[in-house]
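Which chain is which? The protein sequence lines are X and V, in order.
Its first residue numbered 1, the first sequence is counted upward by one per residue in the working numbering.
Its first residue numbered 586, the second sequence is counted upward by one per residue in the working numbering.
First up is the structure itself, then whatever we jot down about it.
2 protein chains.
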Amino acid sequence: MYFTQTFIPTLREVPSDAVIASHRLMFRGGMIRKLANGLFAYLPLGLRALRKVERIIREEMDAIGALEIKPTVVVPGELWKESGRWDSMGEAMLRAENRTGNDLVVSPTAEEAVTALVRDELSSYRQLPLTLYQINTKYRDEIRPRYGVMRAREFVMKDAYSFHAGQASLDAAYNAMGAAYRRIFKRCGLSVLPVKADSGAMGGNSSEEFMIESEIGDNTLLLCESCGYAANVEKAVCAHDFDPPPSLEEAKTRSLSSPALEKVSTPGVKNIDQLCAFFKTDAKKFIKTLIYRMAAMEGGAGRGAFVAAAIRGDLAVNEAKLAAALKASEAVLASEAEVERITGAPLGFAGVAGLTGIPLIADTSVTAMTDGITGALADGFHYAHAAYGRDFTPHLIADLRTAKAGDRCARCGGALYEKKGNELGHIFKLGDKYTRSMKARYLDESGQSRTPLMGTYGIGLDRTLASVVEEHHDGDGIIWPLEVAPYQVILIPVKYEGALKAAADGLASALEQAGVEVLVDDREERPGVKFKDADLLGIPYRVVVGDKTLSLDPPALEVKRRGEKGCRMVELDKAPALLAELVKA
Amino acid sequence: MYFTQTFIPTLREVPSDAVIASHRLMFRGGMIRKLANGLFAYLPLGLRALRKVERIIREEMDAIGALEIKPTVVVPGELWKESGRWDSMGEAMLRAENRTGNDLVVSPTAEEAVTALVRDELSSYRQLPLTLYQINTKYRDEIRPRYGVMRAREFVMKDAYSFHAGQASLDAAYNAMGAAYRRIFKRCGLSVLPVKADSGAMGGNSSEEFMIESEIGDNTLLLCESCGYAANVEKAVCAHDFDPPPSLEEAKTRSLSSPALEKVSTPGVKNIDQLCAFFKTDAKKFIKTLIYRMAAMEGGAGRGAFVAAAIRGDLAVNEAKLAAALKASEAVLASEAEVERITGAPLGFAGVAGLTGIPLIADTSVTAMTDGITGALADGFHYAHAAYGRDFTPHLIADLRTAKAGDRCARCGGALYEKKGNELGHIFKLGDKYTRSMKARYLDESGQSRTPLMGTYGIGLDRTLASVVEEHHDGDGIIWPLEVAPYQVILIPVKYEGALKAAADGLASALEQAGVEVLVDDREERPGVKFKDADLLGIPYRVVVGDKTLSLDPPALEVKRRGEKGCRMVELDKAPALLAELVKA
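Pasting the structure below:
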């Protein structure tokens, strides 16, 4: 391809909203342009790079036996009502009503559409497992789209959905997908961090996020400096004081040596700091008790039910963990009035001893407490010497604590540290969440009707591409890894005329013949401008056709790898074969 | 690919709404499934065929230097307000409002988005010509979507847009695009009928539709049996009584020999039939005069202006031609009250003689009339002996008549006949319609700011694919042309076990090695079922691996071309090379 025959409007300036390297460089390199907030068009060069990412993903999906399909982008709202997500997806989902009054959705994801497709075709266990995928347009109405194609409203997603007759089959597909994701990101030249993730509104349990470290990441990760443990802070665990927690019997025995529960007058003492001052002790001695309203608890205490959550005074409840422990979609702190109604005392005097009429869920930290201070469920009173197993017995014990930098790793005891990350991919075991609500069924080997299990697996292509630029650039521009580069070779005739033109044209066609993707900079620009643009565009191999080297005997060219310092001389005749070999490496 | 590893849910039954062959066969062949009215999902086999069409189109676009880009599918409503089509596109355009209150459009086409992109980058004539294209999702809210993917609401379109510094450049791009379209349809195995078309709401003049004959076509075409003339009835011309029309001077001279205009009392005589009976003559003697309200006349008499259209009594006014002649978007018959207000007489007495206060536009047929009967603009009166040039002088003479089967061809005099057709592609010269309204400018060689000219070129991929099936099938199923076939070879082991399995597996991998796309029917089905499905799916070459032919010396296979009668024996060892040669042919 010749530069003057394509459309690469490179720029020196960057728009003021382009604050990250990928946005800046893709914009300056004439790869993307903004149509509106969060809506970006790919120009020819950017699209070539995006297609490379697409090809890598398609190859890896095909290699694990996933089958490509193409549902529509606009799907009937009815399907979302069936699954229940018409309500729960909120404003991020773009809805429209057509001329006949039908509700339509511009797909933000496609669990519903694919489950509907499979449901209608599925009859026997013999058809399972089945993994379908698409690489298609998605739209999510981000509140604050920014950072170019890193966080846009419309984007391209590879989304796959697997259907299974049993857990072992789902596990196998999930693992194969995870391995494929690792290969995909490796081929893209990306250092991803696979982390355990909170599955949020997606439901289900096992899941893994493929994160890329980024200053502007919208996820906080906790990593262990010793063993490589990595988790989204929403789901990160850390070492406990007791691990495993003591049994109720052990706790009871242990509490015999504690002083008896004692009601203490604490007028006006409401928060942990005031308590520490009053009792002249530290926060670790307190049992903090918080009242939560749980949203949409499935198979639990019902929608809108309240629970009390207890945790050691120096720790914080992780609401995502609390929701997950109760299989709820969300945990929201109760209002002051609700707290008063439920506990019989004003805010600040809730406690674990004597609490009735509401389920108590305790963090494991509380199971270590034999002599704690807790609210006495009465205005102006606390209990001292509260002991787990004697003075209170939670309905459920779970890991509720928010891990933080400096906590010890649950796996190896190493120190945890924090990083910001962007999610490029996500794999989930959904279980029967959608197949059950949407009534997909199959007959098993004994002729019994069953609900298939399901997995869901996504990768954002635009974000992956932007992350490649984030990881591979320098002060001058992009440094594309070979597999993602829009062209493999940029050929720069110092002047595009006479013998230089002839040599450049001949070489270009020889390279194309040899299967090398080559961009010829045939513009009437000074060599300096061409070199600057070549650095900006980041094509892996730069080949300069100049008078001096051409007049050598034998005639030669200067070949330089983008991102490396020196360059080397290559004989003109040998260049096509050599470059073909280099780009295949 | 092995049949049991992919997802091809073939069916014996067809849904009742599948009335055309492509819908029926693509559905039965497990290629498409309906998600909702007008929304179809492609399953793996159908998607493979669609991708073949996509590849052909991409290759031909790239070959003429068109550059692929990817604007978004969801675009800002603002762009459509700029161009004026926010109003004129009507209910076919799917609109949505996002969480921040912005109007969004699910693209039905992309003149606006691409003009906006180019506008921002364009500065100099040196950047022109520029042809950009995309192959992307489109949505049009068809009132009655039907016939499977032939007329769906969501579809894939290749849409290209060219920008030019002058008419010659636009003409050249338009011609190159037309030639590319002919190659595309030829490679798809389609017999398209390129016809001149009414450009409808798209504006501009020169345009060509690529039609495919179809009983369920939504266009009526008129074709000449002798010279190959073909046109959409909306724009078809036919031979006139005078061609070219006489000059006004000639007409005046000619009218000297006609009797003088005479006012005749015609009480209660209003329509042509009554007039024929009253005057004892035939419809050709009358000058029919109709009052129209013109919508959005650009550079004409203004929005909502009225015109009088005159035509010989036996002919019908083609409203699309009338609108085009006046550069209006639409011509609508005036109401009875409007007619009375404008002509001063009740409906039925409008006429050309003495008409004032409204522009008169006459069909060429009227220019031949030297002794016509026309309304006298008074209740119960007509004029006899009206002569063009003497008794009335139109403001504009144009071809307004609706051509019909049986009319004579304007080009050669042959008889015209009618066909129904579906439009697969469309190429237009838009002129400056969008570039002007959206303020795209460039500096010409002398530094003057100018508005570029533009062309627009579309092909519907789904409809093209469905048309391939319409043209290539028989009672048993599809007969894919090689270039569009989802696989090139279907390999059927009579039983998939033992030596037959080994032979089939070996052959499959040898074929894949040789670059042949092969589907192996490894299902546990009777050979009869496999053969029936092979016919249904329409893979071009069927290779049967059976005991009998394998036990020959040397071992052989049965190779049959779908759609042909006999089959031939091919030696097992020679099959891969032979088939590779056949599919490349």
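Glycine included, each C-beta is placed from N, C-alpha and C at the ideal position.
Beta-carbon proximity list for residue i, same chain, < 6 Å, skipping 5 on both sides
i          : result
V/Leu-1163 : Val-1155
V/Asp-992  : Cys-823 and Leu-1001
X/Ala-18   : Arg-24 and Phe-27
V/Thr-591  : Pro-629
V/Leu-715  : Phe-748
V/Glu-1102 : Tyr-1072 and Gln-1073
Cut-off 7 Å between Cβ atoms - residues of its own chain near residue i, not counting five sequence neighbours on either side
i         : result
X/Val-544 : Ile-492, Val-494, Leu-557 and Glu-558
V/Gly-998 : Ala-824
X/Leu-79  : Glu-112, Ala-113 and Ala-116
X/Pro-346 : Glu-340 and Asp-379
X/Leu-333 : Leu-290 and Tyr-292
X/Asp-282 : Cys-276
X/Ala-628 : Because residue 628 of chain X is not part of the residues shown, which for chain X are 1 to 585, the question remains open.
X/Arg-568 : Val-559
X/Glu-13  : none
X/Glu-215 : Lys-420
Residue i and residue j closer than 8 Å at C-beta
i          : j          : result
V/Ala-983  : V/Tyr-1002 : no
V/Ala-880  : V/Ser-914  : yes
V/Pro-594  : V/Gly-615  : yes
X/Arg-561  : X/Tyr-541  : yes
V/Leu-778  : V/Ala-971  : no
V/Ile-654  : X/Leu-47   : yes
X/Leu-443  : X/Ser-124  : yes
X/Val-75   : X/Val-105  : yes
X/Ile-361  : X/Pro-394  : yes
V/Ala-893  : V/Arg-986  : no
X/Lys-420  : X/Thr-220  : yes
X/Leu-519  : X/Met-93   : no
V/Lys-1115 : V/Asp-1106 : yes
V/Glu-1055 : V/Ala-606  : yes
V/Ile-797  : V/Leu-1009 : yes
X/Ala-236  : X/Ala-440  : no
X/Leu-122  : X/His-164  : no
V/Val-951  : V/Ile-896  : yes
X/Glu-91   : V/Arg-684  : yes
X/Gly-566  : X/Leu-170  : no
X/Met-586  : X/Ile-64   : What the structure shows of chain X is the stretch from 1 to 585, and residue 586 of chain X is not part of that stretch, so it cannot be assessed.
Close-in-space but distant-in-sequence residues of the same chain around residue i (CB under 8 Å, 5 per side omitted)
i          : result
V/Gly-884  : Residue confidence for V/Gly-884 is low, a pLDDT of 44 falling below 50, so the modelled location carries little weight; the figure read from the coordinates is stated next. Once the five neighbours on either side are set aside, the close Cβ partners of V/Gly-884 are Lys-912.
V/Leu-1157 : Ala-1088, Leu-1092, Leu-1135, Pro-1139, Pro-1140, Ala-1141 and Leu-1142
V/Val-638  : Cys-773, Leu-1046, Thr-1049, Leu-1050, Val-1053 and Val-1069
V/Leu-1121 : Thr-595, Leu-610, Arg-613, Gly-614, Asp-1061, Gly-1062 and Ile-1063
X/Phe-3    : Leu-519, Val-520, Asp-521, Asp-522 and Arg-523
Residue i - partner residues in DSSP beta bridges
i         : result
X/Lys-560 : X/Arg-542
X/Glu-213 : X/Gly-421
V/Phe-977 : V/Tyr-973
V/Lys-848 : V/Tyr-968
X/Leu-221 : X/Asn-232 and X/Lys-419
Supposed contact pair residue j and residue i - C-beta distance, whole angstroms, cut 8 Å
i          : j         : result
V/Val-658  : V/Asn-760 : Rounded, the Cβ-Cβ distance is 30 Å, inconsistent with contact.
X/Pro-108  : X/Tyr-147 : Contact flag wrong, Cβ pair sits at about 19 Å.
X/Val-264  : X/Ala-230 : So it is not a contact: roughly 44 Å between Cβ atoms.
V/His-1011 : V/Ser-792 : 7 Å
X/Ala-514  : X/Ala-585 : About 14 Å separates the two Cβ atoms, so there is no contact after all.
May I ask you to verify whether the stretch 270 to 290 of chain X touches the stretch 374 to 383 of chain X, counting CB pairs closer than 8 Å and requiring at least 3?
yes
Could you check whether the stretch 466 to 481 of chain X touches the stretch 183 to 190 of chain X, counting it as contact only if at least three pairs of C-beta atoms, one from each stretch, sit closer than 8 Å?
yes
Could you say if the stretch 156 to 163 of chain X and the stretch 47 to 62 of chain X meet the contact criterion of at least three C-beta pairs nearer than 8 Å?
yes
For the stretch 1025 to 1034 of chain V against the stretch 848 to 867 of chain V, do three or more pairs of beta-carbon atoms, one drawn from each stretch, fall closer than 8 Å, so that the two count as touching?
no
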